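In my numbering, the protein residues as written are 43 to 132. Yeah, the Cβ is synthetic: ideal placement off N, Cα and C, and Gly gets one too. This one's a predicted model, so the numbers in the text were calculated from it and none came from an experiment. The next block holds one structure in the form of structure tokens; read it before the comments.
Structural data, given as structure tokens:
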């Protein structure tokens, strides 16, 4: 699954789960609670990353809108000045 989705984080999680499943019971600890903890930590990490990406996308969208508005304004200015130069040269 990790290779199919090109996810290093998922590969690392699978490796950690395999290690816990293989060696975790030697201490007498609850293997499944450790695995649930690993999965919960991964979900928390992914949710945090998704929130950061959403914030960044929002910022980028806002800046792109401002840039497009400014470009449109400058294009209008260029058109007005070009027509004024054409009128003055005639």
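query	result
Residue 82 to residue 104 span [Cα, whole Å]	33 Å
Straight-line Cα distance separating residue 46 from residue 119	51 Å
Rounded separation between residue 58 and residue 52 - CA only	10 Å
Other residues of its chain near residue 63: CB distance less than 8 Å, five sequence neighbours each side excluded	73 and 77
Where residue 58 sits in the DSSP three-state scheme	helix
Residue-chain proximity (residue 128, chain B), Cβ-Cβ < 9 Å	In summary, chain B is missing from the structure at hand, where a single protein chain is found.
Contact belief for residue 55 with residue 84 at Cβ below 8 Å, rounded distance in angstroms	5 Å
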